[in-house]
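In my numbering, the protein residues as written are 290 to 540. As structure tokens, the structure follows; a few thoughts come after it.
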Amino acid sequence: MNKYRGFISDPRIRGFTERHPELVLFIRERLSPESYLGLHLTVGLAVSAVFVWIFGGITEDILTGDPFVVVDTWVLTHVLYFRSPGVSRFMVLFTQLGGIAAVMIGSFIVGTYLLLKRRFDYLLTYITAIIGGGFLVIVLKKAIHRIRPISETSLISIGGWSFPSGHAMMSVILYGMITYFIVRDMRSWKLRVFLVTAAGFVVFVIGLSRIYLQVHYLSDVLAGYAGGMFWLSICITGLELYRKKVSVRRG
Numbered sequence: 290m291n292k293y294r295g296f297i298s299d300p301r302i303r304g305f306t307e308r309h310p311e312l313v314l315f316i317r318e319r320l321s322p323e324s325y326l327g328l329h330l331t332v333g334l335a336v337s338a339v340f341v342w343i344f345g346g347i348t349e350d351i352l353t354g355d356p357f358v359v360v361d362t363w364v365l366t367h368v369l370y371f372r373s374p375g376v377s378r379f380m381v382l383f384t385q386l387g388g389i390a391a392v393m394i395g396s397f398i399v400g401t402y403l404l405l406k407r408r409f410d411y412l413l414t415y416i417t418a419i420i421g422g423g424f425l426v427i428v429l430k431k432a433i434h435r436i437r438p439i440s441e442t443s444l445i446s447i448g449g450w451s452f453p454s455g456h457a458m459m460s461v462i463l464y465g466m467i468t469y470f471i472v473r474d475m476r477s478w479k480l481r482v483f484l485v486t487a488a489g490f491v492v493f494v495i496g497l498s499r500i501y502l503q504v505h506y507l508s509d510v511l512a513g514y515a516g517g518m519f520w521l522s523i524c525i526t527g528l529e530l531y532r533k534k535v536s537v538r539r540g
């Protein structure tokens with residue numbers, strides 16, 4: 290606190306704030322957790338921008354044939370050394386947790402629960418996240434139209450474009466939203482960390498399964514994660530802004 294007071298009392302800082310009061314006020318409001326369009330919006334946009342940058346970088350490497358393409362091939366080749374009948378059966382089953390059936394079943398359960406609890410703000414956010422995420426996957430796949438690494442080493446048969454991985458992207462959105470709803474009002478930090486870690490592990494294994502099964506490249510999965518995190522942060526930021534707006538009105 291003393292360092293902060295010393296910083297703001299510095300003549301140069303005071304001079305800047307006096308010359309640019311509107312800019313200083315804008316920055317304060319962007320960093321204030323109490324402001325309607327404050328810290329939540331700033332952090333949300335920053336996180337979204339980071340994952341857009343990551344997704345864009347991966348996409349550029351794929352389209353231009355940069356070294357990432359070599360890494361993709363290397364990973365697919367070396368994953369074969371870790372195959373075994375037991376692991377293969379596990380991966381074939383686990384990958385279904387990121388498929389269309391899992392998303393639909395999970396959405397029905399979550400949607401019904403939120404409807405019964407009359408959490409309409411959560412319900413609308415969840416619907417937006419799932420439908421919007423699915424639409425985003427379709428648009429990106431058709432725009433980039435990367436061919437899948439289907440070969441005699443693939444353990445399952447699947448069609449469609451490869452980039453980004455729909456399983457990776459939708460698993461981030463599905464389990465990310467569910468985890469957010471659970472931990473948001475949870476007081477125990479240990480339990481919060483446990484649930485977030487568990488959800489992250491599930492998403493990680495789903496992505497790993499797509500590579501193990503030889504139906505996606507590593508870059509497909511990483512881009513799916515980045516795209517999912519982008520859309521997840523947008524949806525959560527929107528919900529937090531709405532809740533803050535309602536709180537300000539009631540206050």
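Where is the CB? At the ideal position from N, CA and C, for every residue including glycine.
>> Using the three-state DSSP reduction, which class does Leu444 fall into: helix, strand or coil?
In response: One-based indexing of the sequence shown puts residue 444 at position 155. Leu444 falls in the coil class under three-state DSSP.
> Can you name, in chain order, every residue of its own chain whose Cβ lies under 8 Å from the Cβ of Phe383, other than the five neighbours on each side?
Replying inline: Residue mapping note: residue 383 aligns to position 94 of the sequence shown, counting from 1. A distance below 8 Å between beta-carbons, with the five flanking residues on each side excluded, links Phe383 to the following residues of its chain, in chain order: Val494, Ile495, Ser498.
>> Taking 7 Å as the limit between beta carbons, can you name the residues of its chain near Leu369, skipping five residues before and five after?
In response: If you number the sequence shown from 1, residue 369 lands on position 80. Taking C-beta separations shorter than 7 Å and ignoring five residues to either side along the sequence, the partners of Leu369 in its chain run Thr442, following chain order.
> Buried or exposed: which applies to Ala457, given that a residue is buried once 16 or more other Cβ atoms fall within 10 Å of its Cβ?
Replying inline: For the purposes of this step, residue 457 is taken as the residue at position 168 of the sequence shown. Residue environment for Ala457: buried (at least 16 other C-beta atoms within 10 angstroms of its C-beta).
> Would DSSP call Phe452 helix, strand or coil?
Replying inline: Here residue 452 refers to the residue found at position 163 when the sequence shown is read from its first residue. Correct three-state label for Phe452: coil.
> With burial defined as no fewer than 16 other Cβ atoms inside 10 Å of the residue's Cβ, what is the status of Asp474: buried or exposed?
Replying inline: Walking along the sequence shown from the start, residue 474 turns up at place 185. By the 10 Å Cβ count, Asp474 comes out exposed.
> Roughly how many angstroms lie between the CA atoms of Arg319 and Gly455, to the nearest whole one?
Replying inline: Sequence index remark: in the sequence shown, residue 319 carries index 30 (1-based). Sequence index remark: in the sequence shown, residue 455 carries index 166 (1-based). In this prediction, Arg319 scores a pLDDT of 45, lower than 50, which makes its location untrustworthy; the coordinate-derived value is nonetheless stated afterwards. Their Cα atoms are separated by approximately 34 Å.
> Does the distance from the CB of Leu502 to the CB of Leu429 come in under 8 Å?
Replying inline: Looking up residue 502 in the sequence shown gives position 213. Looking up residue 429 in the sequence shown gives position 140. No, they are not a contact pair.
> If you drop the 5 nearest sequence neighbours on each side, which residues of the same chain put their C-beta closer than 8 Å to that of Leu528?
Replying inline: Residue 528 sits at position 239 when you count from the first residue of the sequence shown. Once the five neighbours on either side are set aside, the close Cβ partners of Leu528 are Asp410, Tyr411, Thr414.
> Relative to the alpha-carbon of Gly449, which residue among Arg435, Phe371, Ile462 has its alpha-carbon at the smallest distance?
Replying inline: Position 160 of the sequence shown, counted from the first residue, corresponds to residue 449. Closest by alpha carbon: Arg435.
>> Tell me the rounded alpha-carbon separation between Lys533 and Phe470.
In response: Numbered from 1 along the sequence shown, position 244 holds the residue referred to as residue 533. Numbered from 1 along the sequence shown, position 181 holds the residue referred to as residue 470. Each residue's Cα considered, the two are about 16 Å apart.
> Is the stretch 390-405 touching the stretch 508-519 in the sense that three or more CB pairs, one from each, lie closer than 8 Å?
Replying inline: No contact exists between the stretch 508-519 and the stretch 390-405.
> Quick one: Cα of Gly333 to Cα of Pro374, how far?
Replying inline: Looking up residue 333 in the sequence shown gives position 44. Looking up residue 374 in the sequence shown gives position 85. C-alpha separation (whole angstroms): 43 Å.
> In the structure shown, what three-state DSSP assignment does Val485 receive?
Replying inline: Here residue 485 is taken as the residue at index 196 of the sequence shown, counted from 1. Looking at Val485 - three-state DSSP - the assignment turns out to be helix.
>> My parser needs the alpha helix (DSSP H) runs of 4 or more residues fully inside the stretch 368-421; what are they?
In response: 374-383, 389-405
> Are the Cβ atoms of Ser396 and Ile419 separated by less than 8 Å?
Replying inline: Sequence index remark: in the sequence shown, residue 396 carries index 107 (1-based). Sequence index remark: in the sequence shown, residue 419 carries index 130 (1-based). The answer is yes: Cβ separation under 8 Å.
> Beta carbon of Leu463, beta carbon of Val392: below 8 Å?
Replying inline: Locating residue 463 in the sequence shown gives position 174, where the first residue counts as 1. Locating residue 392 in the sequence shown gives position 103, where the first residue counts as 1. Against a cut-off of 8 Å, the Cβ pair of Val392 and Leu463 comes out as a contact.
> If you run the structure through DSSP and keep just helix, strand and coil, what is Asp361?
Replying inline: Against the sequence shown, residue 361 aligns to sequence position 72. In the structure shown, Asp361 sits in a helix (DSSP, three-state: H, G or I).
> Whose C-alpha, out of Val359, Phe483, Phe424, Ile351, is nearest the C-alpha of Ile433?
Replying inline: To locate residue 433, count along the sequence shown from 1; it is residue 144. Among Val359, Phe483, Phe424, Ile351, the Cα nearest to that of Ile433 is on Ile351.
> Rounded to whole angstroms, how far is the Cβ of Phe371 from the Cβ of Ser508, which I believe are closer than 8 Å?
Replying inline: Along the sequence shown, one-based indexing puts residue 371 at 82. Along the sequence shown, one-based indexing puts residue 508 at 219. Actually they do not touch by this definition, with Cβ atoms about 19 Å apart.
>> Taking the beta carbon of His505 as the centre, do at least 16 other beta carbons fall within 10 Å, making it buried, or is it exposed?
In response: If you number the sequence shown from 1, residue 505 lands on position 216. Flag for His505 reads buried.
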